[in-house]
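Protein chains in written order, with the numbering used here: chain Y, 2 to 250; chain L, 43 to 146.
1) With 8 Å as the threshold, decide whether the Cβ of residue 46(L) is near any Cβ in chain Y.
2) Would you please verify whether the beta carbon of residue 4(Y) is less than 8 Å from any beta carbon of chain L?
3) Following a CB-centred definition, is residue 56(Y) positioned closer than 7 Å to any heavy atom of the ligand HEM?
4) Out of 149(Y), 22(Y) and 46(Y), which one is the CA nearest neighbour of residue 162(Y)?
5) DSSP state of residue 99(L), grouped into three classes?
6) For a contact defined as C-beta to C-beta under 7 Å, what are the partners of residue 128(L) on chain Y?
7) Contact defined as beta carbons within less than 8 Å: I believe residue 122(Y) pairs with residue 103(Y). What is the distance between those atoms, to the nearest angstrom?
8) Expressed to the nearest angstrom, what Euclidean distance is found between the alpha-carbon atoms of residue 116(Y) and residue 25(Y)?
9) Identify, in the order they occur along the chain, each residue of the same chain with its Cβ nearer than 7 Å to the Cβ of residue 167(Y), setting aside the five sequence neighbours on each side.
10) Give every residue of the same chain whose Cβ lies closer than 7 Å to the Cβ of residue 111(L), excluding the five residues on either side of it in the sequence, and list them in chain order.
11) Need the endpoints of the alpha helix (DSSP H) that residue 177(Y) sits in, please.
12) Note the first and the last residue of the continuous alpha helix (DSSP H) segment covering residue 214(Y).
13) Starting from the beta carbon of residue 143(L), find every residue of chain Y whose beta carbon is closer than 8 Å, and list them in chain order.
14) Residue 121(L) CB to nearest chain Y CB: under 8 Å?
15) By how many angstroms is the C-alpha of residue 154(Y) removed from the C-alpha of residue 36(Y)?
16) Using only alpha-carbon positions, find the residue among 180(Y), 23(Y) and 54(Y) that is nearest to residue 49(L).
17) Rounded to a whole number of angstroms, what is the C-alpha to C-alpha distance between residue 84(Y) and residue 71(Y)?
18) Could you tell me the distance, in whole angstroms, from the CA atom of residue 92(Y) to the CA atom of residue 43(Y)?
19) Which residue comes first and which comes last in the alpha helix (DSSP H) that contains residue 64(L)?
20) Please classify residue 5(Y): does DSSP put it in a helix, a strand, or coil?
21) Between the Cα of residue 60(Y) and those of 81(Y), 79(Y), 38(Y) and 89(Y), spot the shortest distance and give me the residue it belongs to.
22) Is residue 105(L) close to chain Y, meaning its C-beta is less than 8 Å from at least one C-beta of that chain?
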């Protein structure tokens, strides 16, 4: 754990580091709680308990996991499920760019940091005012979410297994709600909201026409098309909000 | 079996993407248009997933109790309810509609 003793001004760094640790722990615990829904939904969608837990250990990125589980459960192909999951993981690469400069890690630590690079650890880390506090925020949040998320997934998967028919308990509606909850904070940004609306319409129109899973992937093309359009003058301010670490923490 | 393939492949790609952000020189990913497309991607995908998860059954469009669940989720989100409350409220609404009316 990075706890840089600041030789020059200890009182000024101790506070921010402690506060970063507190923030990381509370965000981590709160986030981990919804691992329960993921575990239950995964099992309701036909994954085994072991497979549900493997998604949390290996993918470790909520949106990607919900997407994988949702597409597989809807009868989509492996390729469509992996594509939807992976496209949602692209944002983690952008987070790596953001946290790399203040983490300054090499070797095994860098490999570990990469796995913990998600919405929450990036958001808490980047929100701090000093580099030691940023490092503490990133590591504490990442580690807390990882442990809590995996335990919660196991608990949810066992619970889902015991519940039986998922439709009777409304678990299919819970999956839709989970996606809406992940989407919600992004709708505050105007361009993202417009892109989301078009993507939703495209998916609705494509469901009866193309194989299961592809409507979701087609939505990615909408985003790419919108993002690759030449920038309008004056649109600069809008673009910053969307690539910040998610508030869906 | 194929589910394991999906889980392992998605896991490998997810990690590769995370690592890429740490290893790739920033200038390669920092093209403004690429950044913008990347930033808009989650919103587009999540919106499509909401639609597919709410209104489809395989390759058919359907309207059933999930719509009620989604409406309740939207209200809960507007009231700033925590994630878990949103999920449970949506599930309870859909389950309630099914139990009481037999619809969907």
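Even for Gly, the Cβ is constructed at its ideal location relative to N, Cα and C.
Bear in mind that the values here come from a model prediction, so they are computed numbers and not experimental data.
According to the structure data:
1) For residue 46(L), the answer is yes, since a Cβ of chain Y falls inside 8 Å of its Cβ.
2) Here the model assigns residue 4(Y) a pLDDT of 44, short of 50, so the residue's position is not dependable, and the following value carries that caveat. Under the Cβ criterion of 8 Å, residue 4(Y) is not counted among the residues facing chain L.
3) The ligand HEM is absent from the structure shown, which contains no ligands of any kind.
4) Nearest option by C-alpha distance: 46(Y).
5) Three-state DSSP puts residue 99(L) in a strand.
6) Proximity of chain Y to residue 128(L) at the Cβ level (cut-off 7 Å) is accounted for by 178 and 182, in chain order.
7) Going by Cβ atoms, the distance from residue 122(Y) to residue 103(Y) rounds to 12 Å, so no, they are not a contact pair.
8) Pairing residue 116(Y) with residue 25(Y), the inter-Cα distance amounts to about 16 Å.
9) Closer than 7 Å at the Cβ level, and outside the excluded window around residue 167(Y), lie 45 and 173.
10) Once the five neighbours on either side are set aside, the close Cβ partners of residue 111(L) are 132, 133, 135 and 136.
11) Secondary structure note for residue 177(Y): its alpha helix (DSSP H) is the uninterrupted segment 172-184.
12) That residue, residue 214(Y), is in no alpha helix (DSSP H); it is neither H nor E in DSSP.
13) By Cβ distance, chain Y contributes nothing, its closest Cβ being about 13 Å from residue 143(L), past 8 Å.
14) Interface residue (Cβ-Cβ distance to chain Y less than 8 Å): residue 121(L) is not classified as such.
15) Rounded to the nearest whole angstrom, the C-alpha separation of residue 36(Y) and residue 154(Y) is 5 Å.
16) Answer by Cα proximity: 54(Y).
17) Distance between the alpha carbons of residue 84(Y) and residue 71(Y): 12 Å.
18) Going by the C-alpha atoms only, they are around 23 Å apart.
19) Per DSSP, residue 64(L) belongs to the alpha helix (DSSP H) from 44-65.
20) Residue placement at residue 5(Y) is flagged as unreliable, the pLDDT there being 46, under the threshold of 50; the coordinate-derived value follows with that caveat. DSSP places residue 5(Y) in coil when its eight states are reduced to three.
21) Minimum Cα distance to residue 60(Y) is reached at 89(Y).
22) For residue 105(L), no Cβ of chain Y is located within less than 8 Å of the residue's own Cβ.
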